[in-house]
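411 is the number of the first residue of the sequence shown in this note's numbering; add one for each residue after it.
All C-beta atoms, glycine included, are put in the ideal place defined by N, C-alpha and C.
Small disclaimer: the values here were computed from a predicted structure and weren't measured.
Let me begin by presenting the structure, written as structure tokens, before commenting on it.
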Amino acid sequence: MKLSINNTFIPKMMLCLGAAAFLSSCVNEKSDRIYNRTVDIPVSQEMIAELTSPPNVPTPVGRRKAKKLIVDLEIQEREGEMTGGTKYIYWTFGGTVPGSFIRTRVGDEVEFHLKNHPDNKLPHNIDLHAVNGPGGGAESSFVAPGHEKVFSFKVLNPGLFVYHCATAPVGMHIANGMYGLILVEPVGGLPPVDREYYIMQGDFYTEGKYGARGLQAFDMQKAINETPDYVVFNGHVGAMTGDNALTAKVGEKIRLFVGNGGPGLVSSFHVIGEIFDKVHVDGGDLINENVQTTLIPAGGAAIVEFRVDVPGTFILVDHSIFRAFNKGALAMLKVEGEENKVIYSGEIRDGIYLPEGSVIQSMPNGKSKEPKEEVKALSFEEKMKFGKDKFMATCVACHQANGQGIESAFPPLAKSDYLNADVDRAISIVLHGKTGEITVNGKKYNSVMTAQALSNEEVSNVLTYVYNSWGNSKKEVTPEMVEAIRNQQ
Ligand SMILES: [Cu+2]
411 MKLSINNTFI
421 PKMMLCLGAA
431 AFLSSCVNEK
441 SDRIYNRTVD
451 IPVSQEMIAE
461 LTSPPNVPTP
471 VGRRKAKKLI
481 VDLEIQEREG
491 EMTGGTKYIY
501 WTFGGTVPGS
511 FIRTRVGDEV
521 EFHLKNHPDN
531 KLPHNIDLHA
541 VNGPGGGAES
551 SFVAPGHEKV
561 FSFKVLNPGL
571 FVYHCATAPV
581 GMHIANGMYG
591 LILVEPVGGL
601 PPVDREYYIM
611 QGDFYTEGKY
621 GARGLQAFDM
631 QKAINETPDY
641 VVFNGHVGAM
651 TGDNALTAKV
661 GEKIRLFVGN
671 GGPGLVSSFH
681 VIGEIFDKVH
691 VDGGDLINEN
701 VQTTLIPAGG
711 AAIVEFRVDV
721 PGTFILVDHS
731 IFRAFNKGAL
741 AMLKVEGEEN
751 KVIYSGEIRD
761 GIYLPEGSVI
771 QSMPNGKSKE
781 PKEEVKALSF
791 EEKMKFGKDK
801 FMATCVACHQ
811 ANGQGIESAF
821 PPLAKSDYLN
831 ADVDRAISIV
841 LHGKTGEITV
851 NGKKYNSVMT
861 AQALSNEEVS
871 NVLTYVYNSW
881 GNSKKEVTPE
891 MVEAIRNQQ
């Protein structure tokens, strides 16, 4: 967009150049090339801020002048899907978790309009860590459903900042998803890169355990104990995996704006198979280089940058690793392009790092205790639906989405002669695990399948789904059949 030269710019600059006393302070100022203090940067025109949903970010600030920036943010309380079959009522800034990304530059004067949708049940507010003022705006923005609050602030410090709701009980508002990021670019903007993405970790506390079906209520006691059932990037399990994976091309420079809303946990942010060329530590001015894992505190952020050198699927995790494979803190960056055998020679296997999911696994053995079940499937269709969700959450990492398995590692379930030959054996494998040599469709496998801690109902659903998919023999497995195998020890 075209800008007219703002009128306070020229006289101040001439003053700077003309007076020796001013000159030294003008040159010394590193974060602003003309003004001593960012508070003195004048704003020229008015502009409506572009807001984006994760994982996207608004257009870079570049060389634009400081402006009066109107931010229009609507709070929405709405139901969303935490993982297949599990619903949650999220409280959101702009309809998504994390909330809309706000992009500003130092010197901007933000006029913040916080709207609380009339269908919402609760009052909310906003505390932006980029604000110098009481409560970071919280005190002036407390807004009831069906109302709008307006306050303004001058953006003084560059960096990547968290914003969140600060209405009592604060922890509960944050735990329901009320957080997001506001970026303040320095004068002249951040250096250009090829791709930028917005990622934010959060922990969720539900009455049912991970993967329990149905609408799950918030569990205050688990939140106080800091024992989340879900630790996720961008609000739910799989927000950036499979078809929703982030994408890039070999040779591109990637910048990730990574935040942590908490409320409880800190994040050991890591990209499997990449090294961060640059990290803006804590989202501030300090730049660290050649970093493997960067710590992101609850209520904090970091900007990480790296060049992708080879194709493949790179997995973003919280390296507190059970959170990644059992609670959802896992995202994917799919990189396409030419291989470079010098940088990396090996075979790149796509999809093997999918979450292991809901189920506690143990090494194969003869015993199994039935975990408690919540929701029973009432019809065959429902059984297939529940079974598919369970398969996608539990078995897919090894047996793959269409049951095709992975050559010489995980046997196929699609058209598997081994599976179709013996239902009781299949039930036993899911209950107790399996190790030792087996032959499936003429190929030998000698590996380990861990025991899956599933209820009778869940085993019957998942196996019914498997038997009625991908050209298998269409058997229906009942909970009674599973119970019989469980007791036969
Ligand atoms: Cu709130």
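Could you check where the alpha helix (DSSP H) with residue i kicks off and where it finishes?
| i | result |
| --- | --- |
| Tyr877 | Asn866 to Tyr877 |
| Leu841 | Val833 to His842 |
| Ile895 | Pro889 to Asn897 |
| Arg733 | Phe732 to Asn736 |
| Asn635 | Met630 to Asn635 |
Between residue i and the rest of its own chain, which residues show a CB-CB distance below 7 Å, the 5 nearest in sequence each way excluded?
| i | result |
| --- | --- |
| Gly694 | Gly569 |
| Glu484 | Gly504, Lys525 and His527 |
| Lys885 | Val833 and Tyr877 |
| Ser879 | Gly813 |
| Gly545 | Asp537 and Ala576 |
Just tell me which of the options has its CA closest to the CA of residue i.
| i | options | result |
| --- | --- | --- |
| Ala548 | Asp537, Glu558 and His557 | Asp537 |
| Pro528 | Gly556, Val507 and Ser551 | Gly556 |
| Ala622 | Ser865, Ala540 and Gly747 | Ser865 |
| Glu487 | Tyr754, Ser755, Leu726 and Lys531 | Lys531 |
| Ile753 | Ile685, Ser870, Asp692 and Glu489 | Ile685 |
| Phe571 | Phe563, Gly587, Leu591 and Ser562 | Leu591 |
| Gln702 | Asn644, Asp692, Leu696 and Val681 | Val681 |
| Asp639 | Tyr615, Ala734, Leu656 and Phe820 | Tyr615 |
Strictly by DSSP, which residues pair up with residue i?
| i | result |
| --- | --- |
| Ile609 | Val668 |
| Trp501 | Glu487 |
| Phe686 | Val701 |
| His574 | Asp537 and Tyr589 |
| Leu743 | Leu656 and Phe724 |
| Leu524 | Leu483 and Lys559 |
| Leu625 | Lys497 |
Under DSSP, the beta strand (DSSP E) around residue i begins and ends at which residues?
| i | result |
| --- | --- |
| Lys559 | His557 to Lys564 |
| Ser857 | Lys853 to Met859 |
| Glu817 | Looking at the DSSP string, Glu817 is not in any beta strand (DSSP E), and its letter there is neither H nor E. |
| Val806 | Counting along the chain, Val806 falls outside any beta strand (DSSP E), though it belongs to the alpha helix (DSSP H) covering Val806 to His809. |
| Glu456 | Glu456 to Ile458 |
| Phe643 | Tyr640 to Phe643 |
| Gly710 | Gly710 to Arg717 |
| Phe511 | Phe511 to Arg515 |
Assuming residue i contacts residue j (C-beta within less than 8 Å), just tell me the rounded distance between them.
| i | j | result |
| --- | --- | --- |
| Ser826 | Val858 | Incorrect: roughly 18 Å between the Cβ atoms, too far for contact. |
| Leu873 | Ile837 | 7 Å |
| His690 | Ala708 | Incorrect: roughly 18 Å between the Cβ atoms, too far for contact. |
| Leu705 | Ser678 | 6 Å |
| Ala824 | Gly813 | 4 Å |
| Glu521 | Lys478 | 6 Å |
| Val603 | Glu715 | 7 Å |
| Val745 | Gly624 | Actually they are not in contact, since the Cβ atoms of Val745 and Gly624 sit about 37 Å apart, beyond 8 Å. |
| Phe667 | Leu593 | 6 Å |
Under 8 Å Cβ to Cβ from residue i, same chain only, skipping five residues before and after it: list those, please.
| i | result |
| --- | --- |
| Glu930 | Since the first and last residues shown for the chain are 411 and 899, residue 930 lies out of range. |
| Pro533 | Asn526, Phe552, Val553, Ala554, Pro555 and Thr577 |
| Glu748 | Val660 and Pro721 |
| Arg759 | Caution is warranted here: a pLDDT of 49 is assigned to Arg759, below 50, making its placement in the model unreliable, and no coordinate value can be reported. |
| His523 | Ile480, Val481, Asp482, Leu483, Glu558, Lys559 and Val560 |
For residue i, which residues in the same chain have their Cβ closer than 6 Å to its Cβ, ignoring the five residues on either side in sequence?
| i | result |
| --- | --- |
| Pro673 | Gly581, Ile584 and Ala585 |
| Gln898 | none |
Using 9 Å as the limit for Cβ to Cβ distance, is residue i near chain D?
| i | result |
| --- | --- |
| Pro468 | Reference to chain D is not applicable here, since this structure consists of a single protein chain. |
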